[in-house]
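Novice: From first to last, the protein sequence lines are chains D and Z.
Position one of the first sequence corresponds to residue 8 (the working numbering), numbered consecutively onward.
Position one of the second sequence corresponds to residue 8 (the working numbering), numbered consecutively onward.
By construction, the Cβ of each residue, glycine as well, lies at the ideal position given by its N, Cα and C atoms.
As the structure is a prediction and not an experimental result, all values here were calculated from the model.
Protein chains: 2
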Amino acid sequence: MKFKMMYSFLNSDIKNIEQTLEETVHAESPLLHQASLHLLKAGGKRIRPVFVLLAGKFGTYDINIIKNVAVSLELIHMASLVHDDVIDDAELRRGKPTIKAKWDNRIAMYTGDYLFARSLELITKIEKPFAHQILADTLVELCIGEIEQIKDKYNFEQNIRNYFRRIKRKTAILIAVSCQLGAIAADVDDEIHQKLYRFGYYVGMSYQIIDDVLDFTGTEKELGKPAGDDLHQGNITLPVLFAMEDAEIRKEIVKVRENTERAEIEKIISLIKGSGAIEKSLTVSDNYLNKALKILNDLPQNRAKKTLNDIAKVIGKRSF
Amino acid sequence: MKFKMMYSFLNSDIKNIEQTLEETVHAESPLLHQASLHLLKAGGKRIRPVFVLLAGKFGTYDINIIKNVAVSLELIHMASLVHDDVIDDAELRRGKPTIKAKWDNRIAMYTGDYLFARSLELITKIEKPFAHQILADTLVELCIGEIEQIKDKYNFEQNIRNYFRRIKRKTAILIAVSCQLGAIAADVDDEIHQKLYRFGYYVGMSYQIIDDVLDFTGTEKELGKPAGDDLHQGNITLPVLFAMEDAEIRKEIVKVRENTERAEIEKIISLIKGSGAIEKSLTVSDNYLNKALKILNDLPQNRAKKTLNDIAKVIGKRSF
Numbered sequence: 008m009k010f011k012m013m014y015s016f017l018n019s020d021i022k023n024i025e026q027t028l029e030e031t032v033h034a035e036s037p038l039l040h041q042a043s044l045h046l047l048k049a050g051g052k053r054i055r056p057v058f059v060l061l062a063g064k065f066g067t068y069d070i071n072i073i074k075n076v077a078v079s080l081e082l083i084h085m086a087s088l089v090h091d092d093v094i095d096d097a098e099l100r101r102g103k104p105t106i107k108a109k110w111d112n113r114i115a116m117y118t119g120d121y122l123f124a125r126s127l128e129l130i131t132k133i134e135k136p137f138a139h140q141i142l143a144d145t146l147v148e149l150c151i152g153e154i155e156q157i158k159d160k161y162n163f164e165q166n167i168r169n170y171f172r173r174i175k176r177k178t179a180i181l182i183a184v185s186c187q188l189g190a191i192a193a194d195v196d197d198e199i200h201q202k203l204y205r206f207g208y209y210v211g212m213s214y215q216i217i218d219d220v221l222d223f224t225g226t227e228k229e230l231g232k233p234a235g236d237d238l239h240q241g242n243i244t245l246p247v248l249f250a251m252e253d254a255e256i257r258k259e260i261v262k263v264r265e266n267t268e269r270a271e272i273e274k275i276i277s278l279i280k281g282s283g284a285i286e287k288s289l290t291v292s293d294n295y296l297n298k299a300l301k302i303l304n305d306l307p308q309n310r311a312k313k314t315l316n317d318i319a320k321v322i323g324k325r326s327f
Numbered sequence: 008m009k010f011k012m013m014y015s016f017l018n019s020d021i022k023n024i025e026q027t028l029e030e031t032v033h034a035e036s037p038l039l040h041q042a043s044l045h046l047l048k049a050g051g052k053r054i055r056p057v058f059v060l061l062a063g064k065f066g067t068y069d070i071n072i073i074k075n076v077a078v079s080l081e082l083i084h085m086a087s088l089v090h091d092d093v094i095d096d097a098e099l100r101r102g103k104p105t106i107k108a109k110w111d112n113r114i115a116m117y118t119g120d121y122l123f124a125r126s127l128e129l130i131t132k133i134e135k136p137f138a139h140q141i142l143a144d145t146l147v148e149l150c151i152g153e154i155e156q157i158k159d160k161y162n163f164e165q166n167i168r169n170y171f172r173r174i175k176r177k178t179a180i181l182i183a184v185s186c187q188l189g190a191i192a193a194d195v196d197d198e199i200h201q202k203l204y205r206f207g208y209y210v211g212m213s214y215q216i217i218d219d220v221l222d223f224t225g226t227e228k229e230l231g232k233p234a235g236d237d238l239h240q241g242n243i244t245l246p247v248l249f250a251m252e253d254a255e256i257r258k259e260i261v262k263v264r265e266n267t268e269r270a271e272i273e274k275i276i277s278l279i280k281g282s283g284a285i286e287k288s289l290t291v292s293d294n295y296l297n298k299a300l301k302i303l304n305d306l307p308q309n310r311a312k313k314t315l316n317d318i319a320k321v322i323g324k325r326s327f
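1) Counting only beta-carbon separations shorter than 9 Å, does residue 147 of chain D have a partner in chain Z?
2) Take residue 302 of chain Z as the anchor and find which of Z:108, Z:56, Z:319, Z:256 has the nearest alpha-carbon.
3) If you count every other CB in all the chains shown that lies within 10 Å of the CB of residue 105 of chain D, and 16 or more means buried, which is it?
4) Are the segment 112-125 of chain Z and the segment 29-37 of chain Z in contact at 8 Å, needing three or more beta carbon pairs?
5) Which stretch, first to last residue, makes up the alpha helix (DSSP H) that contains residue 251 of chain Z?
6) Please report how far the alpha carbon of residue 98 of chain D lies from the alpha carbon of residue 233 of chain D, in whole angstroms.
7) Which residues in the same chain have their Cβ closer than 7 Å to the Cβ of residue 300 of chain Z, if we skip the five residues on either side of it in sequence?
8) Kindly indicate if chain Z contains any beta-carbon less than 9 Å away from that of residue 197 of chain D.
9) Residue 142 of chain D to residue 191 of chain Z, Cα distance in whole Å?
10) Start and end of the alpha helix (DSSP H) containing residue 316 of chain D?
11) Using a Cβ-Cβ cut-off of 7 Å (strictly less than) and excluding sequence neighbours within five positions of residue 147 of chain Z, which residues of its own chain qualify?
12) Just how far apart, CA to CA, sit residue 187 of chain D and residue 199 of chain D?
13) Which two residues bound the contiguous alpha helix (DSSP H) that contains residue 158 of chain Z?
14) Mapping the DSSP letters down to three states, classify residue 163 of chain Z as helix, strand or coil.
15) Residues in its own chain within less than 8 Å of residue 263 of chain Z by CB, not counting five upstream and five downstream?
16) From the beta carbon of residue 116 of chain D, is the nearest beta carbon of chain Z less than 9 Å away?
17) In terms of alpha-carbon separation, which member of Z:113, Z:176, Z:69 lies closest to residue 209 of chain Z?
18) Given that residue 158 of chain Z touches chain D, what residues does it touch there, using C-beta distances under 8 Å?
19) May I ask which residues mark the beginning and end of the alpha helix (DSSP H) holding residue 229 of chain Z?
20) Just to confirm before moving on: does the CB-CB distance between residue 6 of chain D and residue 90 of chain Z stay below 9 Å?
21) Hey, how far is the Cα of residue 78 of chain D from the Cα of residue 68 of chain D?
22) Give the secondary structure of residue 20 of chain D by DSSP, where H, G and I count as helix, E and B as strand, and everything else as coil.
23) Pull up the distance between the alpha-carbon of residue 204 of chain D and that of residue 50 of chain Z, whole angstroms please.
24) Using beta carbons (cut-off 9 Å, strictly below), is residue 153 of chain Z in contact with chain D?
25) Check distances from the C-beta atoms of the segment 38-71 of chain D to those of chain Z and list, in chain order, the residues that come in under 8 Å.
26) What whole-angstrom Cβ distance do residue 24 of chain D and residue 56 of chain D have, given they're in contact under 8 Å?
27) Hey, could you find the ends of the alpha helix (DSSP H) residue 304 of chain D is sitting in?
28) Less than 8 Å separating the Cβ of residue 21 of chain D from some heavy atom of the ligand FAD?
29) When the Cα atoms are used, what is the spatial distance from residue 277 of chain Z to residue 111 of chain Z?
30) Thinking C-beta only, is residue 145 of chain Z closer than 9 Å to residue 174 of chain Z?
31) Between the Cα of residue 221 of chain Z and the Cα atoms of Z:246, Z:136, Z:314, which residue gives the shortest distance?
32) Where does residue 90 of chain D sit, in a helix, a strand or coil, going by DSSP?
33) Answer with buried or exposed for residue 250 of chain Z, where buried requires no fewer than 16 other C-beta atoms within 10 angstroms of its C-beta.
34) Quick one: give me the first and last residue of the alpha helix (DSSP H) that residue 234 of chain D is part of.
Shown next, in the form of structure tokens:
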């Protein structure tokens, strides 16, 4: 993994975080413990903790303090994934609800709740009410984002502004806040943590746009699901919105529903790829990335800054 | 409603809280706003806000500060109800369609998440990290309680200790913390808020036991659902555990499943009522209540103390 090489100087701290994650999800309830651990062991890039730690390097870095923020944000990310899975599972199983499947959903919902609650326990170890407020506001935005995503499904009338607002809430804010809270936990000046917030926000926007592009350009093996799955599920992303500017392509796209045949989806993927929408999306992602790098420029010179720069660039160019 | 007469001196503050509740659930997302408002308008005793306010009277009472705690705790209660309804597949709550029934499970789950997040925004307005920590710990316990309740369903091997631990997490802690955080927001000494916590805890235990008794002794009209519904759903409560001490009754009870016929449930209700289990449960509730009243005795004399005393007694004796 290319990422990890970029912050090898954080290796021991990353290990510490991994261990704290495991300790944190430990629950008296074996069921809850197993469910949480299962999720944890499934892995993940731990990109949010990495941003927290790097941002912390701009101030007084104490791993024993900052790890609470890092683990807290990873838990929130995990919790939102669990709740997402509940939603998606529910759809896949539509029409055939089994007791066993229901059981899993209940456990998943409360496991998500539990991880949220644990994340709050950790963040409140940072004795700064301001930090807690930021996290609470972030959670509100995340929830609104989730609901809007449900509402906007198969809504082909939405515009690009809807899309930006949604990915801001869904992805960018949590990365922005990872940077900001890492910095706050390290006692930096307001100006620095606000800049780091904006850096994280722009990186997050770029990251999500690339993600949405990969859904069309990736192979089934790389994606772990068929290409075009987002669209098939009703998620209208930037490449789709750009492609729909062509009236002929639009006519085809607006017909997509859950029961649309795979062959039809393949045809639409080709149309989107041939429309220039991918390139236009990548340009938008690049613009965000450049904004991110520009903000970094204003920050004090240190090793973390160099690493943030490298990570941002890799995110902007990543194929997988 | 008898409750309300006991704290008429709080009337304008209760109105303020009701209004703040409405303002708080206001969301940019119309869907989220409607779902939250629907829940809010379904009513409820607002018992947690009342405890918050009364506890606040032991210190420096400022409604503009303390209302954040009161609304926060009511929102957490509401959020947990929404998630419960998803789990229980409940169609009705307080005689009105649940969010799950009116919209769907996805909306219900995220509405719950949203209410949690809003509640955190409010509590973090109290700039005391200690208060935030208490709430975070409480949420962890609530989640464990929910999971244990799922795990313990139709588990006829559980003992009374399981039951007490479960209702502690499910009900008593949130009432205890309502009292404690109300007091903390009003800057009382540690000793006072700890006592108020214990008062709330004992009242909460008594309250839940009575609730579990009423499930057998109430009429369908009073309950809004058939008597014995808890048992039918697999919730093994104190009267059931006491009744199962009789080996013959136990044999009948352990057969109960979701698909058990109504007539069979009615028969078991009669067995439980005839076993002395109701009376024994009420005695346990009384014991908790007496402990609550004893702690109140140690607290400074004021109008709130008198009211807490009255409320505790009504809770202990309530029929509905």
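Specialist: Taking the coordinates as given:
1) Here residue 147 of chain D corresponds to residue number 140 of the first sequence, with the count starting at 1. Yes, because at least one Cβ of chain Z sits closer than 9 Å to the Cβ of residue 147 of chain D.
2) Taking the second sequence and counting its residues from 1, one reaches residue 302 of chain Z at position 295. Considering only alpha carbons, the answer is Z:319.
3) Sequence index remark: in the first sequence, residue 105 of chain D carries index 98 (1-based). Residue confidence is low: residue 105 of chain D scores 25 on pLDDT, short of 50, so the model does not pin down where it sits. Its coordinate-derived value is still stated next. Residue 105 of chain D comes out exposed.
4) yes
5) On the second sequence, position 244 is the one that residue 251 of chain Z refers to. Segment: none, residue 251 of chain Z is in no alpha helix (DSSP H) and carries neither H nor E.
6) On the first sequence, residue 98 of chain D is found 91 positions in, with the first residue counted as 1. On the first sequence, residue 233 of chain D is found 226 positions in, with the first residue counted as 1. Note on residue 98 of chain D: pLDDT 41, under 50, position unreliable in the model; no value is reported.
7) Numbered from 1 along the second sequence, position 293 holds the residue referred to as residue 300 of chain Z. Same-chain partners within the cutoff: 316, 319.
8) Start at 1 with the first residue of the first sequence, and residue 197 of chain D comes out as number 190. Answer no: the Cβ-Cβ gap between residue 197 of chain D and chain Z never drops below 9 Å.
9) Taking the first sequence and counting its residues from 1, the one referred to as residue 142 of chain D is at position 135. Taking the second sequence and counting its residues from 1, the one referred to as residue 191 of chain Z is at position 184. Rounded to whole angstroms, residue 142 of chain D to residue 191 of chain Z spans 22 Å at the Cα level.
10) On the first sequence, position 309 is the one that residue 316 of chain D refers to. Taken as a continuous stretch (DSSP letters only), the alpha helix (DSSP H) holding residue 316 of chain D covers 310-324.
11) The count along the second sequence starts at 1 and reaches residue 147 of chain Z at position 140. Excluding residues within five positions, none has a Cβ falling inside 7 Å.
12) Within the first sequence, numbered from 1, the residue matching residue 187 of chain D stands at position 180. Within the first sequence, numbered from 1, the residue matching residue 199 of chain D stands at position 192. So the two alpha carbons sit approximately 8 Å from each other.
13) Start at 1 with the first residue of the second sequence, and residue 158 of chain Z comes out as number 151. Taken as a continuous stretch (DSSP letters only), the alpha helix (DSSP H) holding residue 158 of chain Z covers 136-158.
14) Your numbering for residue 163 of chain Z matches position 156 in the second sequence. Of the three classes helix, strand and coil, the one that applies to residue 163 of chain Z here is coil, per DSSP.
15) In the second sequence, residue 263 of chain Z corresponds to position 256, counting from 1. The residues are 161, 238, 239, 241, 271, 272, 275.
16) As a first step, residue 116 of chain D is located in the first sequence; it is residue number 109 there, counting from the start. Residue 116 of chain D counts as touching chain Z.
17) For the purposes of this step, residue 209 of chain Z is taken as the residue at position 202 of the second sequence. Looking at the Cα atoms, Z:176 is the closest of the given residues.
18) Position 151 of the second sequence, counted from the start, is the residue given in the question as residue 158 of chain Z. Chain D residues near residue 158 of chain Z: 36, 38.
19) Here the question's residue 229 of chain Z lines up with position 222 in the second sequence. Unbroken alpha helix (DSSP H) run through residue 229 of chain Z: 227-230.
20) What the structure shows of chain D is the stretch from 8 to 327, and residue 6 of chain D is not part of that stretch, so it cannot be assessed.
21) Numbered from its first residue, the first sequence carries residue 78 of chain D at position 71. Numbered from its first residue, the first sequence carries residue 68 of chain D at position 61. Rounded to the nearest angstrom, the two C-alpha atoms are 15 Å apart.
22) Taking the first residue of the first sequence as position 1, residue 20 of chain D is located at position 13. Here residue 20 of chain D sits in helix by DSSP.
23) Mapped onto the first sequence, residue 204 of chain D falls at position 197. Mapped onto the second sequence, residue 50 of chain Z falls at position 43. Their backbone Cα atoms lie some 40 Å apart in a straight line.
24) Looking up residue 153 of chain Z in the second sequence gives position 146. Yes, residue 153 of chain Z lies at the interface with chain D (some Cβ there is under 9 Å from its Cβ).
25) 38, 39
26) If you number the first sequence from 1, residue 24 of chain D lands on position 17. If you number the first sequence from 1, residue 56 of chain D lands on position 49. Yes, they are in contact, since the Cβ atoms of residue 24 of chain D and residue 56 of chain D sit about 5 Å apart, within 8 Å.
27) Taking the first residue of the first sequence as position 1, residue 304 of chain D is located at position 297. Taken as a continuous stretch (DSSP letters only), the alpha helix (DSSP H) holding residue 304 of chain D covers 284-304.
28) By its list of ligands, the structure shown contains no ligand whatsoever, and the ligand FAD lies outside what it can speak to.
29) Position 270 of the second sequence, counted from the start, is the residue given in the question as residue 277 of chain Z. Position 104 of the second sequence, counted from the start, is the residue given in the question as residue 111 of chain Z. Taking the straight line from one Cα to the other gives about 37 Å.
30) Looking up residue 174 of chain Z in the second sequence gives position 167. Looking up residue 145 of chain Z in the second sequence gives position 138. Contact: no.
31) Translated into the one-based positions of the second sequence, residue 221 of chain Z becomes position 214. It is Z:246.
32) Stepping through the first sequence from its first residue, residue 90 of chain D is reached at position 83. Looking at residue 90 of chain D - three-state DSSP - the assignment turns out to be helix.
33) Here residue 250 of chain Z refers to the residue found at position 243 of the second sequence. Per the 10 Å Cβ criterion, buried.
34) Numbered from its first residue, the first sequence carries residue 234 of chain D at position 227. Segment: none, residue 234 of chain D is in no alpha helix (DSSP H) and carries neither H nor E.
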